[in-house]
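Throughout, the working numbering is defined as the position within the first sequence, counted from one, plus 69.
Everything below concerns the one structure shown next.
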Amino acid sequence: MASDKPVDDLTEAEAQRALARLAAAIARANTAYHQADAPEISDAEYDALKRRNAAIETRFPSLKRTDSPSEQVGAAPSDGFGKIRHRVRMLSLANAFDAGDVGDFDAGIRRYLGLSPDAPLTYAAEPKIDGLSLSLRYEDGQLVYAATRGDGETGENVTANALTIAQIPQALNGAPAVLEVRGEVYMSQADFETLNATGGRTFANPRNAAAGSLRQLDAEITRARPLSFFAYAWGDLSEPLAATQWDSLQRLASLGFTINPLTRRCDGVAALLAHYQAIETARPDLGYDIDGVVYKVDDLALQSRLGMRSTTPRWAIAHKFPAETAWTRLESIDIQVGRTGALSPVARLKPVNVGGVLVSNATLHNEDYIAGRDSNGQPIREGRDIREGDWVQVYRAGDVIPKVADVDVGRRLPDSVPYVFPDICPDCGSAAVREPGDSTHRCTGGLVCPAQAVEKLKHFVSRGAFDIEGLGARQIEMFFADDLLPIHEPADIFTLARRDAANLGKLKNRDGFGDRSVAKLFEAIDERRRIPLTRLLFGLGIRHLGEVAATDLARHYGSWEALARAADMARPAAERHLAADAAETEERARAAEAGRRAEVKKARDAVWDNPPVDAAARAAWDDLVGIEGVGAVLAVSLVTALAQPRERASIDRLIGELSDITPPEARATDSAVAGKTVVFTGTLTRMTRAEAKARAESLGAKVAGSVSAKTDFLIAGEGAGSKATKAADLGVTVIDEDAWIAMIGG
DNA sequence: GTGCCTCGAGTTCC
DNA sequence: CTCGAGGCAC
Numbered sequence: 070m071a072s073d074k075p076v077d078d079l080t081e082a083e084a085q086r087a088l089a090r091l092a093a094a095i096a097r098a099n100t101a102y103h104q105a106d107a108p109e110i111s112d113a114e115y116d117a118l119k120r121r122n123a124a125i126e127t128r129f130p131s132l133k134r135t136d137s138p139s140e141q142v143g144a145a146p147s148d149g150f151g152k153i154r155h156r157v158r159m160l161s162l163a164n165a166f167d168a169g170d171v172g173d174f175d176a177g178i179r180r181y182l183g184l185s186p187d188a189p190l191t192y193a194a195e196p197k198i199d200g201l202s203l204s205l206r207y208e209d210g211q212l213v214y215a216a217t218r219g220d221g222e223t224g225e226n227v228t229a230n231a232l233t234i235a236q237i238p239q240a241l242n243g244a245p246a247v248l249e250v251r252g253e254v255y256m257s258q259a260d261f262e263t264l265n266a267t268g269g270r271t272f273a274n275p276r277n278a279a280a281g282s283l284r285q286l287d288a289e290i291t292r293a294r295p296l297s298f299f300a301y302a303w304g305d306l307s308e309p310l311a312a313t314q315w316d317s318l319q320r321l322a323s324l325g326f327t328i329n330p331l332t333r334r335c336d337g338v339a340a341l342l343a344h345y346q347a348i349e350t351a352r353p354d355l356g357y358d359i360d361g362v363v364y365k366v367d368d369l370a371l372q373s374r375l376g377m378r379s380t381t382p383r384w385a386i387a388h389k390f391p392a393e394t395a396w397t398r399l400e401s402i403d404i405q406v407g408r409t410g411a412l413s414p415v416a417r418l419k420p421v422n423v424g425g426v427l428v429s430n431a432t433l434h435n436e437d438y439i440a441g442r443d444s445n446g447q448p449i450r451e452g453r454d455i456r457e458g459d460w461v462q463v464y465r466a467g468d469v470i471p472k473v474a475d476v477d478v479g480r481r482l483p484d485s486v487p488y489v490f491p492d493i494c495p496d497c498g499s500a501a502v503r504e505p506g507d508s509t510h511r512c513t514g515g516l517v518c519p520a521q522a523v524e525k526l527k528h529f530v531s532r533g534a535f536d537i538e539g540l541g542a543r544q545i546e547m548f549f550a551d552d553l554l555p556i557h558e559p560a561d562i563f564t565l566a567r568r569d570a571a572n573l574g575k576l577k578n579r580d581g582f583g584d585r586s587v588a589k590l591f592e593a594i595d596e597r598r599r600i601p602l603t604r605l606l607f608g609l610g611i612r613h614l615g616e617v618a619a620t621d622l623a624r625h626y627g628s629w630e631a632l633a634r635a636a637d638m639a640r641p642a643a644e645r646h647l648a649a650d651a652a653e654t655e656e657r658a659r660a661a662e663a664g665r666r667a668e669v670k671k672a673r674d675a676v677w678d679n680p681p682v683d684a685a686a687r688a689a690w691d692d693l694v695g696i697e698g699v700g701a702v703l704a705v706s707l708v709t710a711l712a713q714p715r716e717r718a719s720i721d722r723l724i725g726e727l728s729d730i731t732p733p734e735a736r737a738t739d740s741a742v743a744g745k746t747v748v749f750t751g752t753l754t755r756m757t758r759a760e761a762k763a764r765a766e767s768l769g770a771k772v773a774g775s776v777s778a779k780t781d782f783l784i785a786g787e788g789a790g791s792k793a794t795k796a797a798d799l800g801v802t803v804i805d806e807d808a809w810i811a812m813i814g815g
């Protein structure tokens, strides 16, 4: 059959018929997806159609239809590009917004490395191009693929498109056997304006134009779009390019890449700020958009010592230019209710263009932000509050999240009144309470509140939780409001198929649901009856219990039964903890001015120990809060959530529907210190304490502050004192710094 | 007690 | 992406 024939074997007539069929099939899939949000075919099948369409169009350009699906930018539910996993993660950078932040950045690096404030420290600085980052992998000098950043771990294969960019070489001379070059694809302002004037569609800004062009499924369209590329970094390498950032860039330049001509080496903060000024001055005449200046520690050995924080490297920062702002009218203030009951005020704006994006909503954070105070009660806009009807200045924080920066009080109407934050939930009418010390109002309706219930369900099916294919936020909204087959709690998802059968399978005849999509949905739900404990815990949506805490709890208890039993046992202690907290708060208010801290402590202890909490409860509680990363706040939240009869019954119904709750996998034990608890003492000479800790943790060790029976190694630097004595008493292995470094492999 | 550092929660637009 | 807050080290 012609539809399965290799593209190269198609006759022209066959190709023409195939394109017609594909256009129809893709259009049908688009309609099903967009109008009902319930696709008739899977993403993979859809991708295959788009890919085949693009391939045929490439081979027979003259046959390309006027309604070609490849022209319909943004119509795809997911695109036709293959995924590529980056062997070295593509980083994002921390931001600095003023000279003070840059000073902090430099000081932090010096502290971490143990350098004095006046020791020489060289940085490489270059403009931050406002485009999209790309990773180019070369093996034996040949381009193997070009991949977008994606989420930093996995990007999309856009090789064919990258090859249409003149500044991206297909082959290199004298390159390392493996070389991943990273840089920014961008479109110059002049090219952007020409494209918008002559092309079929208008883009909001050069960045969007570059992104849209690079993601074309048909490389010939990309070829017609004038894109450029600056190299600024590298990923996987078979051998180092050079010893410094600067020299590495020079090496890339000599291999044929374009590096930004405004790249400079700067000694110290003053030189960085001077170069920032120079770039800001040059900005209007560069001919391409930039949004700041990037500073990197020049010495690569130092970069490697500094290492990573959770998502950003310690050795680099982006010094951003002030964000673009725009003035518009704030038409009204709406309140949204989140899954934890938090009431979030949202500004509904007269749509306004901010830095190339049309903004119509902006977050107002909380009551204090609207009133013009920060969380400490200090004025943030010199007392100017935000009111409905006001003229407000909007900007996009980090160029993404719209926020209200300022208010023009002069344009305020005489009858305007300060915004009164609601004290009842707009969705369910329950009281919305702001606890002392908290910045947000919270609806007290719990699961009675429809807004909370539906948000919790959305969280339950979200990516890190049950992640059920075909059951996203949209479908949850729909099923929540459904009369015939409602989903009001997680267990309802798993009874859906049974209930549908009892209803003679009516689901499949409704909007957006055909035979196949219903079958696939039920299948996807059934697959999740077997679920990792971590996902189950995270999916419950208990406040303060996120993915990381869920992992820690799952590791510690190993099974749902063990965790639930522990939570039930710890309940009296958790209740007492809350009572003690209340007593402490009360006493603190009374003793505030006298500064009698001892009294506060005494008031707390009087409640905590009187009468002593049942020993078993106390033990369960201590065990719970003893877990690293679990404190009293999370512990109380977990225990009380599981103690709510309504909530617990709902969880039990869910568990009854699951077939298997799988325990977490044991931690990888590659390194000799993985899973070990280590303690540092004395003065380390080859690295600072922070560095040693980060290194140990990156190898899977747990770093503790004091020696106990659980300690595996004590690393004793020079002048070790009581800890070494205690370690000897407890029979803990004591090693010196050199032995430690040997153990972790240099 | 103070000051990181991370995690959790909420948010917007494409 | 940002803010607030929890947890923990100094």
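The beta-carbon is built from N, C-alpha and C at its ideal position, and this holds for glycine as well.
Coil, strand or helix - residue i by DSSP
i	result
Ala107	Confidence at Ala107 is low in this model, with a pLDDT of 41, below 50, so the placement of that residue should be treated as unreliable; the coordinate-derived value is given next. Note: Ala107 maps to coil in three-state DSSP.
Phe490	coil
Val142	Because the pLDDT at Val142 is just 31, under 50, the model does not fix this residue reliably, and the value given afterwards should be weighed accordingly. Correct three-state label for Val142: coil.
Lys745	coil
Gly479	helix
Asn578	helix
Glu734	coil
Ile234	coil
Asn274	coil
Asp692	helix
Trp629	helix
Phe174	helix
Asp805	strand
Glu83	helix
Ala370	helix
Ile594	helix
Ser147	At Ser147 the pLDDT is 37, less than 50, meaning the model places this residue with poor confidence; the figure from the coordinates comes in the next sentence. In the structure shown, Ser147 sits in coil (DSSP, three-state: anything other than H, G, I, E or B).
Nearest-angstrom Cα separation, counted from residue j out to residue i
i	j	result
Asp354	Ala259	11 Å
Leu331	Ala351	10 Å
Ile386	Gly533	29 Å
Asn230	Gly424	27 Å
Ser413	Pro491	11 Å
Ala704	Pro559	23 Å
Leu547	Ile724	Going by the sequence as given, residue 547 is Met instead of Leu. C-alpha separation (whole angstroms): 24 Å.
Ala300	Val748	42 Å
Leu241	Gly325	7 Å
Pro146	Leu433	In this prediction, Pro146 has a pLDDT of 30, which is less than 50 and means its spatial position is unreliable; what the coordinates show is noted afterwards. Those two C-alpha atoms are separated by around 31 Å.
Arg417	Leu399	6 Å
Ala686	His646	12 Å
Close Cβ partners of residue i (< 7 Å) along its chain, the five nearest in sequence each way excluded
i	result
Tyr345	Val362, His388
Thr313	Asp367, Asp368, Leu369
Phe11	Here the chain comprises residues numbered 70 to 815, so residue 11 is not present and cannot be evaluated.
Cβ separation of residue i and residue j, assumed to be a contact under 8 Å, to the nearest whole Å
i	j	result
Val250	Trp303	6 Å
Asp781	Gly698	That pair is no contact at about 19 Å.
Asp683	Pro641	6 Å
Ile804	Val742	Not really, about 11 Å apart at Cβ, beyond 8 Å.
Asn430	Val415	6 Å
Nearest to residue i (by Cα), restricted to the options the options
i	options	result
Gly252	Thr228, Asp569, Leu201, Glu787	Leu201
Tyr816	Lys197, Gln319, Tyr464	Outside the displayed span of the chain (70 to 815) sits residue 816, for which this structure offers no information.
Glu451	His434, Ala743, Val469, Ala474	Ala474
Asp584	Arg598, Arg597, Asp569	Asp569
Ala658	Asp173, Ala631, Gly506	Gly506
Ala651	Trp460, Cys497, Trp677	Trp677
Asp220	Val171, Arg206, Lys152, Asn164	Lys152
Same chain, Cβ closer than 6 Å to residue i, five either side skipped, listed in chain order
i	result
Asn572	none
Val157	Gly304, Asp305
Ala411	Thr509, Arg511
Cβ shell of residue i (< 8 Å), same chain only, five flanking positions each side left out
i	result
Val227	Phe150, Leu203, Ala215, Ala216, Thr217, Leu283, Arg284
Gln239	Gln211, Leu212, Leu232
Leu321	Val250, Ala300, Trp303, Leu310, Ile328
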